[in-house]
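S.K.: Quick one: the structure is below, questions incoming.
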Amino acid sequence: MAMTANEQRQAFYDRIAGSNLTPLWEVFADLISAQPESRARPALWRYDDIRPFILESGGLISAKEAVRRVLILENPGLPGQSRITNTLYAGLQLILPGEVAPAHRHSQSALRFIVEGHGAYTAVEGEKTVMQPGDFVITPSWTWHDHGNESAEPMVWLDGLDIPIVGFFEASFAEDLDQDSQPLSRPTGDAQARYGAGLLPMGYERSAPTSPVFNYPYERTREALEKMRRTEEWDPCHGLKMRYVNPVTGDYAMPTMATFMQLLPTGLATAPYRSTDGMVYSVVEGRGRSHVGDEILEWGPRDTFVIPSWQRHRHEVDADAVLFSFSDRPIQEKLGLWREDRGNH
Ligand code: 1HN
1096 MAMTANEQRQ AFYDRIAGSN LTPLWEVFAD LISAQPESRA RPALWRYDDI
1146 RPFILESGGL ISAKEAVRRV LILENPGLPG QSRITNTLYA GLQLILPGEV
1196 APAHRHSQSA LRFIVEGHGA YTAVEGEKTV MQPGDFVITP SWTWHDHGNE
1246 SAEPMVWLDG LDIPIVGFFE ASFAEDLDQD SQPLSRPTGD AQARYGAGLL
1296 PMGYERSAPT SPVFNYPYER TREALEKMRR TEEWDPCHGL KMRYVNPVTG
1346 DYAMPTMATF MQLLPTGLAT APYRSTDGMV YSVVEGRGRS HVGDEILEWG
1396 PRDTFVIPSW QRHRHEVDAD AVLFSFSDRP IQEKLGLWRE DRGNH
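Set out below in structure tokens:
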């Protein structure tokens, strides 16, 4: 009997597979979707629910043994992949009083957003910064960094890293320092004074793409939003939303991850919005909910939630909310890929 067209095709595919060839027409629609189809799901981690697990991890392993004692926030649509969106890693890191997380460096850039505790430090390339809740702290690619907690309370922060992006490029390098705490070469506050006071040293030229300011304290961020709330136009989708900048270039503070802080006033219901960058949020103050497709994420202080790429969402605010967020937007913009869609069309 003659082979059907389908059988002929399959026999052909089987033959060419031996030559490492495969037909595009069988996979075309999967490769080139008409619009983004994220496998990531909207998700929320209530801090009150997971805080006991974070503290319990402190009794199981030391920061030194773990290198970094972190519970990864894994997107339920991407199990086993150590990522919160397709391109970003997030985790909650615990450091207990007296502990040190030993010095190392790697190609991946990291951001910290402080969730609980006062007074632990991060040292980056010879300078320490002391961290408070709501501070945004940067560890640029390939910079030595170690953390220590000289306070009397546990400290927890949200780590955001570009691990899946660096992995995609197969460009990861890492090394450990031969001592736990790196030697310090500059006083605490040096970077803030040099680069973060609306001034730059004369003749200063920066080659690295990351901001030389590595702690953006919450106190200043919060004050800026509060001052602006009386004078600025409110955006129907975002409320009052600011981005963190590299003061040398005016670009985002980090080359691979954009970071934002926004104020949403009591009673606000935002207009629907979506963009091609999946967004990770950390709630600093306030309460409300985000409708993402059919899902409702109810959030309050210290909760983390994620809205995947191109999923339409809107926020409802019960009490003045301050939200930190980050995404892969700088990369998408540089590649001409980033899109947004405001409203319901
Ligand atoms: C890292 O270096 C830190 O320095 C946190 O605190 C999380 C996850 C994967 C790889 C390196 C840190 C990390 C990490």
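In terms of my numbering, the sequence shown opens at residue 1096 and continues consecutively. Beta carbons are placed, not taken as given, at the ideal position from N, Cα and C, and that holds for glycine.
(1) Pick helix, strand or coil for L1168, following the three-state DSSP scheme.
(2) Spatial neighbours of A1198 within its chain, please: C-beta separation below 6 Å, excluding the five flanking residues on both sides.
(3) Ordered along the chain, which non-local residues of its own chain (more than five positions away) have a Cβ less than 6 Å from that of P1171?
(4) Give the secondary structure of E1220 by DSSP, where H, G and I count as helix, E and B as strand, and everything else as coil.
(5) Which two residues bound the contiguous beta strand (DSSP E) that contains L1187?
(6) Report the residue from D1230, A1205, R1200 and E1211 whose alpha carbon sits nearest the alpha carbon of E1220.
(7) Please tell me whether M1352 and V1417 are closer than 8 Å, where the distance is taken between their beta carbons.
(8) What whole-angstrom Cβ distance do L1187 and L1253 have, given they're in contact under 8 Å?
(9) Since Q1406 and G1388 are thought to touch, with beta carbons under 8 Å apart, how far apart are those beta carbons, to the nearest angstrom?
(10) Considering only the alpha carbon of each residue, which of M1297, K1429, E1380 and N1439 lies closest to R1369?
(11) Rounding to the nearest angstrom, what Cα-Cα distance links D1125 and M1349 in this structure?
(12) Tell me, to the nearest whole angstrom, how far the beta carbon of S1377 is from that of F1419; I am working on the premise that it is less than 8 Å.
(13) So what's L1173 in DSSP terms, helix, strand or just coil?
(14) Looking only at C-alpha atoms, which of R1163, L1206 and Q1103 sits nearest to F1309?
(15) CA-CA distance, L1168 and G1291?
(16) Suppose only complete runs of 4+ residues qualify. What are the alpha helix (DSSP H) ranges in the region 1237-1263, listed by chain order?
(17) For K1223, does the count of other Cβ atoms within 10 angstroms reach 16, so buried, or fall short, so exposed?
(18) Should Q1188 be listed as close to the ligand 1HN, given that the test is whether its C-beta is under 7 Å from any heavy atom?
(19) Assuming G1383 is part of the beta strand (DSSP E), what are its boundary residues?
(20) Three or more C-beta pairs closer than 8 Å, one from the region 1208-1215 and one from the region 1242-1249: is that the case here?
(21) Shortest alpha-carbon distance to R1460 belongs to which of T1354, E1328, E1327 and I1260?
(22) If you draw a straight line from the alpha carbon of T1361 to that of S1128, how long is it in whole angstroms?
(23) By the 10 Å Cβ neighbour count, where 16 or more other Cβ atoms means buried, how is D1109 classified, buried or exposed?
(24) Note down the Cα distance separating E1314 from E1321, rounded to an integer number of angstroms.
(25) Any heavy atom of the ligand 1HN closer than 7 Å to the CB of H1240?
(26) Cβ of L1294 within 7 Å of any heavy atom in the ligand 1HN?
(27) What does the alpha-carbon distance come out to for the pair A1414 and L1358?
(28) Find out if the Cβ-Cβ distance for the pair R1437, A1366 is shorter than 8 Å.
M.R.: On the basis of the supplied data:
(1) Look at L1168 here: in three-state DSSP terms it is coil, with no helix or strand label.
(2) Cβ contact annotation for A1198 (same chain, cutoff 6 Å, sequence separation greater than five): W1239, D1241, L1272 and Q1277, in chain order.
(3) The residues are R1136 and A1138.
(4) Shown here, E1220 sits in coil according to DSSP, grouped into three states, outside any helix or strand.
(5) Following the DSSP letters along the chain, one finds L1187 inside the beta strand (DSSP E) bounded by residues Y1184 to I1190.
(6) Among D1230, A1205, R1200 and E1211, the Cα nearest to that of E1220 belongs to R1200.
(7) Judged by beta-carbon spacing, V1417 lies beyond the 8 Å limit of M1352, meaning their Cβ atoms are not closer than that value.
(8) The Cβ separation is near 6 Å, so the contact holds.
(9) Sure, about 6 Å apart at Cβ, within 8 Å.
(10) When each option's Cα is compared against that of R1369, the closest is N1439.
(11) Distance between D1125 and M1349, taken at the CA atoms: about 32 Å.
(12) Separation of the CB atoms of S1377 and F1419 is rounded to 5 Å, and the pair is thereby assigned contact status at 8 Å.
(13) In the structure shown, L1173 adopts coil according to DSSP, grouped into three states.
(14) Ranking R1163, L1206 and Q1103 by Cα distance to F1309 puts L1206 first.
(15) In a straight line, the C-alpha of L1168 is about 31 Å away from that of G1291.
(16) Counting only runs of 4 or more, we get 1258-1263.
(17) By the 10 Å Cβ count, K1223 comes out buried.
(18) Because some heavy atom of the ligand 1HN lies under 7 Å away, the Cβ of Q1188 counts as near it: yes.
(19) G1383 -> beta strand (DSSP E) spans M1374 to V1387.
(20) Cβ pair count under 8 Å is three or more, so yes.
(21) Past the boundaries of the shown model lies residue 1460; the chain is included only from 1096 to 1440, so the question cannot be answered.
(22) One alpha carbon belongs to T1361, the other to S1128, and they sit about 39 Å apart.
(23) Counting Cβ neighbours within 10 Å, D1109 comes out exposed, since fewer than 16 surround it.
(24) So the two alpha carbons sit approximately 11 Å from each other.
(25) Within the cutoff, so yes.
(26) With a cutoff of 7 Å, L1294 does not count as near the ligand 1HN, since its C-beta is closer than that to no heavy atom of the ligand.
(27) In this structure, the CA atom of A1414 is about 11 Å from the CA atom of L1358.
(28) Cβ atoms of R1437 and A1366: closer than 8 Å.
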